[in-house]
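So the structure is just underneath, and the comments pick up after that.
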Amino acid sequence: MQRTEFIHCDLGDMLQVKRVVRDIRKRTDRLDILICNAGLPIGPPQHRQTPPLSPQSIESIFATNHVGHHILTILLLPLLHSTVTRFPDATSARIVFTTSSLHQLCRELDLNLLMPSEETPTESACYDGIWHYGRSKLANILFTRELSRRLMEGALRGVFATGLSEGGNGNGSVDDDDDEASKHIYVNSFFPGNIATDQMNIWKGYLGTVLGKAFKMFFSVAGQSTRDAAATALYLAASEDIVQGDGVRGQYFVPIAKKEETSRIAGDMEVAKQLWEWTDRKVGEVLGDGWQTNAISGEAC
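The numbering of the sequence shown is our numbering, which starts it at -3 and goes up by one.
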């Protein structure tokens, strides 16, 4: 039996994410776990005012790490939801976001800076690549918290109805039992740790060759292993601890499987709401109004 299927997806391109979700939903009628781990790492030192942009003119790291995952998750929610409602052995579904301790570098989230242009008032700095990455990881945490809130409050009925009309209860409506099922989708985020992978070579550009090598060497001894990193992801994806009592929702974890406090802004639900609404609007400009329910049922772009 084939256990792994690879589907190529550029998360930085909204249209490609939409097409990939269509492909996934054609291939399977069940999705128990969604781990949003892919993304762009810290970029090299920048010496220009306008950073690299996505095909839809959003700063590329933010577009890939946040916007792409926002689309992917929302369009796969009906599949996660119908898995809980249709399969007796599926007592819960899990969504896990890989984030970073570098989210703490971003103390505010100015939505006006997410689509930079020559006219955008900004000062280029060598360390912008690090800050852009931290900003995208802040967005991941904010998204998990706002998504958790909406799932608990039954605010995504329209999204779930789309999935039901394609293969759920058959009438495209959501009853109270279906609404209750949304509370069995658990969303959390985690920092995998400081792991001495090839991605750490980027620090040579910021710290110099000697210090960059020393930085990586330090974490090869004092940091986490890939097994440690995977352990936290697997804990959030599969442990029964997550569903005990009122459940673990919208929380941030560090190695190994320890709940941790985030920065103040990462817990600001008003900022989380503003980010969600901004993202929905920007995606709607590309995929069309009502993209959350129409992107899959409509004609391919």
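Glycine included, C-beta positions come from ideal geometry on N, C-alpha and C.
Source: prediction; values computed, not measured.
Note to self: Whole angstroms are fine: how far does the CA of G241 sit from the CA of P51?
What the structure shows: 44 Å
Item checked: Proximity of A268 and R141 at Cβ, strictly below 8 Å -> A Cβ-Cβ contact shorter than 8 Å links A268 with R141.
Notebook entry, point to check: Are G125 and G39 touching if we call contact CB-CB under 8 Å?
Noted result: Closer than 8 Å, so yes.
Checklist line | Backbone CA spacing between A89 and Y202 [nearest angstrom] | finding: 40 Å
Notebook entry, point to check: In the structure shown, what three-state DSSP assignment does A218 receive?
Noted result: helix
Notebook entry, point to check: Taking the C-alpha atoms as reference points, what is the distance between I57 and G243?
Noted result: Distance between the alpha carbons of I57 and G243 is about 32 Å.
Item checked: Residue from C5, P74, Y123 with nearest C-alpha to Q42 -> Y123
Checklist line | I29 - DSSP class collapsed to helix/strand/coil | finding: In the structure shown, I29 sits in a strand (DSSP, three-state: E or B).
Item checked: Cβ-based neighbour list, L152, same chain, cut-off 6 Å, excluding 5 preceding and 5 following -> R146
Note to self: Restricting to Cα atoms, I'd like to know which of I137, W199, L109, S113 is closest to H128.
What the structure shows: L109
Next item on the list: Determine the extent of the beta strand (DSSP E) in which F249 is found, giving its start and end residues.
Entry: 248 to 250
Next item on the list: Within its chain, find whatever has a CB closer than 7 Å to the CB of Q247; leave out the 5 residues flanking it on each side and keep chain order.
Entry: N184, K255
Note to self: Tell me the DSSP secondary structure of N184 in three-state form.
What the structure shows: strand
Margin query: Using 8 Å as the threshold, is the C-beta distance between F139 and H66 below it?
Written below: A contact, by the Cβ cut-off of 8 Å.
Check: Between P37 and N190, what straight-line distance do the alpha-carbon atoms span, to the nearest angstrom?
Finding: 13 Å
Notebook entry, point to check: Can you list, in chain order, the residues of its chain whose CB lies under 7 Å from that of A233, leaving out five sequence neighbours each side?
Noted result: I29, I31, R90, V92
Item checked: Identity of the residue in K209, S178, T222 nearest F187 by Cα -> T222
Next item on the list: For the alpha helix (DSSP H) containing I137, list its first residue and its last residue.
Entry: 124 to 148
Notebook entry, point to check: When DSSP builds the beta bridges, which residues end up paired with E55?
Noted result: L49
Check: Which term fits E55, buried or exposed, when burial requires 16 or more other beta carbons within 10 angstroms of its beta carbon?
Finding: buried
Margin query: In whole angstroms, give me the CA-to-CA distance for A229 and S97.
Written below: 15 Å
Check: Less than 8 Å separating the beta-carbons of L75 and R21?
Finding: yes
Note to self: Classify I137: buried if its beta carbon has 16 or more other beta carbons within 10 angstroms, exposed otherwise.
What the structure shows: buried
Notebook entry, point to check: Expressed to the nearest angstrom, what Euclidean distance is found between the alpha-carbon atoms of G204 and F214?
Noted result: 15 Å
Margin query: Report the CB separation of T79 from L7 in whole angstroms; it is logged as a contact under 8 Å.
Written below: The Cβ separation is near 23 Å, so there is no contact.
Check: Taking the alpha helix (DSSP H) that I67 falls in, what are its first and last residues?
Finding: Here the alpha helix (DSSP H) through I67 covers 64 to 82.
Next item on the list: Look up I91 in the DSSP assignment and give the residues it is bridged to.
Entry: L30, V183
Checklist line | For K254: DSSP bridge partner residues | finding: V250
Check: Distance, Cα to Cα, V282 vs S53?
Finding: 11 Å
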